Each structure stands twice: as C-alpha cells, then as structure tokens.
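All remarks here apply to the structure that follows.
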Amino acid sequence: KAGVTQTPRYLIKTRGQQVTLSCSPISGHRSVSWYQQTPGQGLQFLFEYFSETQRNKGNFPGRFSGRQFSNSRSEMNVSTLELGDSALYLCASSLVELYNEQFFGPGTRLTVL
Amino acid sequence: GIQVEQSPPDLILQEGANSTLRCNFSDSVNNLQWFHQNPWGQLINLFYIPSGTKQNGRLSATTVATERYSLLYISSSQTTDSGVYFCAVTTSGTYKYIFGTGTRLKVLA
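Chains as they are written, first to last, in the numbering used here: chain L, 170 to 282; chain E, 9 to 117.
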C-alpha cells in the first residue's frame, strides 16, 4: 500500500506570493492533518480535516488555509508569503479519525526569499 | 493546553550503547506515538502506544498513562539510529497531535 505523498517536495517563493501544497493520504484513510516544522518553533499543528470538514485549526493567521476533497486528498494554501513561513510542511493521514495512528508524508520544504 | 516535554534534549552515544528517552505530558492522553525523524525530514513511525509496553527489535516503549509519561528504549545503538526522536499526544475532545520538543540523538562509530 502506498504511503502518504506530498507534492511538490521543494519550493522556492518570494515574499508576497502565494503557494499551494498537496497531500494524498494512504488509501482508505479519511483524516488528514497538516503541520509546520521550523527550527525555532518545532512541530506545530496547522489543521485537521475529516470527510471534507475542518475539525480543528492551530494558532496560525488566516493566511493559512486548507481544504479536503471527496477523495480525501488535501491541499493547504498560504497567501501573502512572509520570510517566516519558510519551513518544512508535513502532512499526516490516519484511518478513521485523529484518534488513530498517524502516518506522515515526506514533507514539502518551502523557502521564502 | 497540554504540555509535552522530552528529555534529554541532546544525547551522544557510542555505538553499541543503550539509552532511554523520556516523554512527560501534563494531562490525560488518548493517543501517544513515538517517531524518528531522519536527516531528510521524514517522520518514521516507531510506536503507537497510548498505554502498555511494546517491542520492535532493538527498540521498545512503555507508556504509563496514569503517571503521564512514556519511555523509549534503544538497545545496542547503531549509527543509523541518529536523528531526532519525537513523542506526540492527543487529548480528549481535540483533533490534533501535540509534539514534544524532541531528543536529538547522535551515535558515534
């Protein structure tokens, strides 16, 4: 069974631009979560989706948004990029809901210049 | 919100040595996972262990939920064990994992 996939793997953007990251969960998994990892803040929760509904959102500004499609694939969008948005963005999926083992994708490394 | 603390923050070992990594959490948890983050950033699942004890080869883990801590044991360490180890927990009513600050392990040949 294929694991969680994320595209693109690497991305370079400039301040003020917007970016869309994609995540395909493990087949059959319906919960998708997103995390941001930076050297200073560690791993921080962004949001979680289950059956196309956002159930929880972390403490991030409204520039960070996401959605989930009917096939459970998820996208996250960051608008008006700032230098501080440079980070590794990780997506995780779990079988039914978040009260299950999570499996992570390889991440998207975003650099904002 | 719940606080998750890991210790030690850094650990250097000689190959073949044993180690114990600790994860303390400040509230009751529904789920607990241990991960190993490799140099490329990938989080590798080690254990899903909300309670009890599990073993997988040279690694084992114990979670004592009533006392709010979990331990990860690494025996006969190898250089490939180097990396950062994270524990992550969820609490009732939330739909998010909270990660600890990690333990950075370096195993010397």
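C-beta atoms are modelled at their ideal positions from N, C-alpha and C, and glycine is treated no differently. Please read all numbers here as calculations on a predicted model, not as lab measurements.
- How many Å lie between V188/L and I106/E at the Cα? Whole-angstrom Cα-Cα distance: 25 Å.
- Establish whether the CB of G209/L and some CB of chain E are separated by less than 7 Å. So, not an interface residue.
- With burial defined as no fewer than 16 other Cβ atoms inside 10 Å of the residue's Cβ, what is the status of D18/E: buried or exposed? Exposed is the call here.
- Taking G225/L as the query, report the chain E residues whose CB atoms sit under 7 Å from its CB, ordered along the chain. The sequence as given places Asn at residue 225/L; Gly does not occur at that position. The answer, in chain order, is T102, Y103 and K104.
- Any beta strand (DSSP E) of 3 or more consecutive residues that is wholly inside the stretch 16-62 of chain E: Under the rule that a run must span 3 or more residues, the beta strand (DSSP E) segments found entirely inside the stretch 16-62 of chain E read 18-22, 27-33, 39-45 and 51-56.
- Thinking C-alpha only, which one of S59/E, L113/E and T109/E is nearest I82/E? Of the listed residues, the one whose Cα sits closest to I82/E is L113/E.
- Message: At the 7 Å Cβ level, is F233/L part of the contact set with chain E, yes or no?
- Response: Not one chain E Cβ lies under 7 Å of F233/L.
- Near L51/E, what residues of its chain come up, given a Cβ to Cβ distance below 6 Å and the 5 sequence neighbours on each side ignored? Cβ-Cβ distances below 6 Å link L51/E to F43 and Q45 in the same chain, with the five nearest sequence neighbours on each side left out; the list follows chain order.
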